[in-house]
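Everything on this sheet refers to the single structure shown next.
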Amino acid sequence: MTLTLGDIAKTIGAELEGDPGCEIRGIGTLENAQTGQISFLSNRRYASFLKSTRASAVILQRADRDLCPVARLVHEDPYLGYARTANLLYPGVVTAPGIHALADIAPDAVIHPSAYIGPHVTVGGNARIAEHAYIGSGCVIGPNVTIGAGTRLTANVVVCAGVKIGARGLFHPGVVIGADGFGIANAGGQWLKIPQIGSVEIGDDVEIGANTTIDRGAIENTVIEDGVKIDNQVQVGHNVHIGAHTAIAGCVAIAGSVRIGKRCMIGGASGISGHIEITDDVVLMGMTGVPNSIKEPGMYASAIPAMDVASWRKNAVSFKRLYEMNVRLRKIENKK
Amino acid sequence: MTLTLGDIAKTIGAELEGDPGCEIRGIGTLENAQTGQISFLSNRRYASFLKSTRASAVILQRADRDLCPVARLVHEDPYLGYARTANLLYPGVVTAPGIHALADIAPDAVIHPSAYIGPHVTVGGNARIAEHAYIGSGCVIGPNVTIGAGTRLTANVVVCAGVKIGARGLFHPGVVIGADGFGIANAGGQWLKIPQIGSVEIGDDVEIGANTTIDRGAIENTVIEDGVKIDNQVQVGHNVHIGAHTAIAGCVAIAGSVRIGKRCMIGGASGISGHIEITDDVVLMGMTGVPNSIKEPGMYASAIPAMDVASWRKNAVSFKRLYEMNVRLRKIENKK
Amino acid sequence: MTLTLGDIAKTIGAELEGDPGCEIRGIGTLENAQTGQISFLSNRRYASFLKSTRASAVILQRADRDLCPVARLVHEDPYLGYARTANLLYPGVVTAPGIHALADIAPDAVIHPSAYIGPHVTVGGNARIAEHAYIGSGCVIGPNVTIGAGTRLTANVVVCAGVKIGARGLFHPGVVIGADGFGIANAGGQWLKIPQIGSVEIGDDVEIGANTTIDRGAIENTVIEDGVKIDNQVQVGHNVHIGAHTAIAGCVAIAGSVRIGKRCMIGGASGISGHIEITDDVVLMGMTGVPNSIKEPGMYASAIPAMDVASWRKNAVSFKRLYEMNVRLRKIENKK
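Chains as they are written, first to last, in the working numbering: chain A, 1 to 336; chain B, 1001 to 1336; chain C, 2001 to 2336.
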């Protein structure tokens, strides 16, 4: 799509310093953009590329304006300005509706005529697929599943029996929604499986990354509220409840019955223990371990940063004496 | 399914205090159960819901009996009582046998007439699928694979060439069994792949969670013994041996040639280094790192719990001085 | 395949002490090899099995020669010798070319006549699949994808639109290449998705493990250079660049815009924060957290090793006082 700088500035809410008729056909990085592309500066790591950029225009904060050799779109949040511009320039593909001849559809499934069902798809009994939904190649939709309007399952996504997914969702390849939770009881040294009779409810505008898994509830439902964004390879255990507009980066492990509040940001590779609660507006840095509830909004962390292996060997061994060191320290203090 | 309280009490081995003819049609949580549902109290976090529950009956320990306003099933292990009750009330779906017209079956595969093969399934040459097995949509069964009686592969499960799976297994969507192990040798700065000529042997009554991967052996087989339960997104490297009735929570990473004993419980997001041994009856808390063999049964842990980010910054930096702090401490002690 | 010891010794560059006409039909471990099999000794953990081995020959270092009761192939790197021998004895399956009747191929896809396309495969518009490529059951190849000569996608692999994959690659089941990166911008408390307009470029001789995910770039491409080997369940964020001949073990989480150098070895379950750089020839031990750039080659680590849970409780609590302990220690030192 081609747009003028004037149109972009107006739509994203930026102040334009440059030719409003200049045509923009795409987005590029400050370092590599070409004529006809727009760029942006939000991360300071890339500020040095500004003065030599060949972009036709740059979205930036007022403070960076004077360093910019080309047309400027001044925006208080250049990253958001970039996001809006990208949505204008790359509006997404519209797929023609229809059911592929190699799909297997249960006779009583209800599929809106504007939906697309790709090859090698399975749709189970009494499933309901709403208008403009997209079910890509190899997806498996279990019985009694509901898929909301405009929701896209890209490819090889599995949605198990009875799961409800809202509108405008985006589910990347390999996602599994509604597999059994890890419910087992010990019976004399052996494990007895517990039927997982709950389901999963997913709100509107939810995006789920590739190979992420969200388990069905043991008794009640696992719940993902509106606007939640989850990256790749995240594990969400049974009966987890994730509040609206929370974002979860890749490889996070969330044990069963965790309750996460609204607008949280969970850093990649973090782990959250079962049956605890994280309140609204909590930010976890990457690789944080959360064994207990977090009741105050704020930023939390626990990762140990990498060090050279010789130092690490000595320090990691010393960790086992940490409590004892504190005792010894107190003993010395008390002697004074 | 509808059962009477009397029948449930008898079958699960509980002492009934209430009307044995009361009809139970399902399970609910203490907080949300309705008339006709049975509930249970095992986790103390939920004890406060007992006195106001609307369940028709509650499975609980003798000590909680007097706080329960409705019919009671006294059981020494209420969680196990719940598990058994759930298996009575929700006995699982029986699928009609047959091979779907959109499955691709090698001419010399041997499929029992009571097995089910779904749409978009591939079954390779000389594969053997036993009675009442269920191979759901999109599964890929390689050549020479054996699937035991009653084992269920729900959807999009891949079982590579030569893998043997026992009876009554349950494999959730996206599971991959028998992909190549990570075997590479360095040849002058480049990696030479090593053919992975072993396979995978999985015992009876094994459950494997969604998107979990279990690699084939480099030379001999990777082995998962009877009754092992593995949660979602676990990685099991080549030549790992997991003893009977061990349970592994989500997102655990197990490197190659690890030997884990029987009846272990491995907490979520733990990591186990290659070529080590963990004896029987070991419990790892979540996010534990295991670089060396564990020779004594017991509980182990190593995770650092989350703290506010300001404290974390100071403490994480100090970690790099931990050994040096110990040296300084000893120096002061020695001066006395 | 059957080979003589003489041929093996010559091809792998080993010095043979034994009958060059001895026939070898396979590989076994020192502990369990049978007559007709060759074994090797590289990991000292298994040295005790040497003296009683029933292998027909053993690949070993000169120093171990005298302890070996059978024919010897002396090699300065026995593991590499084993790798080369395995490639001789197990040369891999050749698949007959052809397109399966249950594959769905876009009319304008270009598939070389020597390639194999399995059942339930989808190939999108304008995709190009080169000679001797293997696209196994259930794979989904998006539009405008390029798959190089001899590259094998085993089963249920998803390659999204526009991705370029080089020659001789090996992609295990459940791999997802080119799903959207995790690009979101906060717009007044809600997340706005950012179109991910970059793609993924993968070089020659790359192996990717089961259920690993590699995201497409936000603006420019994610790049995996030649000879990179990635194990299972690794997450590679958008715009990551991985240098040639780097090896990454299972369950590693790599955030967006990370640049990893050549010939690195990344230990399992490590986590690497976004927008940082790891130089060439860096080795990370397992479970290492990397929040900042690493500018010097060498070995790095940060994991805390498992300890018994009673010690752990005390030490983990003390960690929150670590900085304060250092301050107290300095205070005592300064008093002297």
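Each residue gets a CB set at the ideal place from its N, CA and C atoms; glycine is no exception.
{"query": "Rounded C-alpha distance that separates T2154 (chain C) from P2119 (chain C)", "result": "12 Å"}
{"query": "Span of the alpha helix (DSSP H) around R330 (chain A)", "result": "L322 to K335"}
{"query": "Euclidean distance between Cα positions of G124 (chain A) and N156 (chain A)", "result": "15 Å"}
{"query": "Length of the line joining the Cα atoms of D64 (chain A) and N2211 (chain C)", "result": "43 Å"}
{"query": "Whether R2168 (chain C) touches Q2196 (chain C) by CB criterion (8 Å)", "result": "no"}
{"query": "Run of the beta strand (DSSP E) containing N2186 (chain C), from where it starts to where it stops", "result": "I2184 to A2187"}
{"query": "G1081 (chain B) beta carbon less than 8 Å from that of A1014 (chain B)", "result": "yes"}
{"query": "K10 (chain A) in three-state terms, based on DSSP", "result": "helix"}
{"query": "V158 (chain A) vs V145 (chain A) beta-carbon contact at 8 Å", "result": "no"}
{"query": "Any C-beta of chain A under 8 Å from that of D2180 (chain C)", "result": "yes"}
{"query": "Any C-beta of chain C under 8 Å from that of I12 (chain A)", "result": "no"}
{"query": "Three-way DSSP call (helix, strand, coil) for V1941 (chain C) in this model", "result": "Since the first residue of chain C shown is 2001 and the last is 2336, residue 1941 (chain C) is not available in this structure."}
{"query": "Test: P2195 (chain C) CB closer than 8 Å to a CB of chain A", "result": "yes"}
{"query": "Partners in chain F for P2305 (chain C), counting only beta-carbon separations shorter than 8 Å", "result": "As a matter of chain content, chain F is missing from the structure shown, whose protein chains are A, B and C."}
{"query": "Backbone secondary structure at F128 (chain A) - three-state DSSP", "result": "Note on residue identity: the sequence assigns Arg, not Phe, to residue 128 (chain A). In the structure shown, R128 (chain A) sits in a strand (DSSP, three-state: E or B)."}
{"query": "Cβ of L1284 (chain B) within 8 Å of any chain C Cβ", "result": "yes"}
{"query": "Under 8 Å between C-beta atoms of T4 (chain A) and E17 (chain A)", "result": "no"}
{"query": "Cβ neighbours of F1049 (chain B) in the same chain (closer than 6 Å, five flanking residues each side left out)", "result": "L1030 and E1031"}
{"query": "Beta-carbon proximity list for R25 (chain A), same chain, < 6 Å, skipping 5 on both sides", "result": "T2 and G36"}
{"query": "Simplified DSSP assignment, three categories, for T1085 (chain B)", "result": "helix"}
{"query": "Alpha-carbon to alpha-carbon, L170 (chain A) and K1193 (chain B)", "result": "37 Å"}
{"query": "A55 (chain A) beta carbon less than 8 Å from that of G92 (chain A)", "result": "no"}
{"query": "G1166 (chain B) vs V1206 (chain B) beta-carbon contact at 8 Å", "result": "yes"}
{"query": "Interface partners of K314 (chain A) on chain B, CB under 7 Å", "result": "Y1323"}
{"query": "Close beta carbons around D280 (chain A), own chain, < 8 Å, minus the five adjacent residues each side", "result": "G243, G261, K262, R263, C264 and P297"}
{"query": "Within 7 Å of chain C by C-beta, residues of the region 1247-1275 of chain B in sequence order", "result": "A1253, A1255, G1271, S1273 and H1275"}
{"query": "Neighbour-count burial assignment, P2291 (chain C), 16 or more Cβ in a 10 Å radius", "result": "buried"}
{"query": "Which of helix, strand or coil DSSP assigns to F1079 (chain B)", "result": "Per the sequence shown, the amino acid found at residue 1079 (chain B) is Tyr instead of Phe. Helix at Y1079 (chain B)."}
{"query": "Partner residues on chain A for I2332 (chain C), Cβ-Cβ distance less than 9 Å", "result": "L329, I332, E333 and K336"}
{"query": "is_contact[F1319 (chain B), chain A] using C-beta, thresh 8 Å", "result": "yes"}
{"query": "Closest Cα partner of T2222 (chain C) within the set C:D2308, C:D2108 and C:F2182", "result": "C:F2182"}
{"query": "Close beta carbons around G162 (chain A), own chain, < 6 Å, minus the five adjacent residues each side", "result": "N144 and S199"}
{"query": "Interface residues of chain C facing Y79 (chain A) [CB-CB closer than 9 Å]", "result": "A2185, N2186 and I2194"}
{"query": "M1299 (chain B) - partner residues in DSSP beta bridges", "result": "B:V1283"}
{"query": "is_contact[H238 (chain A), chain B] using C-beta, thresh 8 Å", "result": "no"}
{"query": "Contacts of T1095 (chain B) in chain A (Cβ-Cβ under 9 Å)", "result": "Within 9 Å Cβ-Cβ: nothing; T1095 (chain B) doesn't reach chain A, min ~11 Å."}
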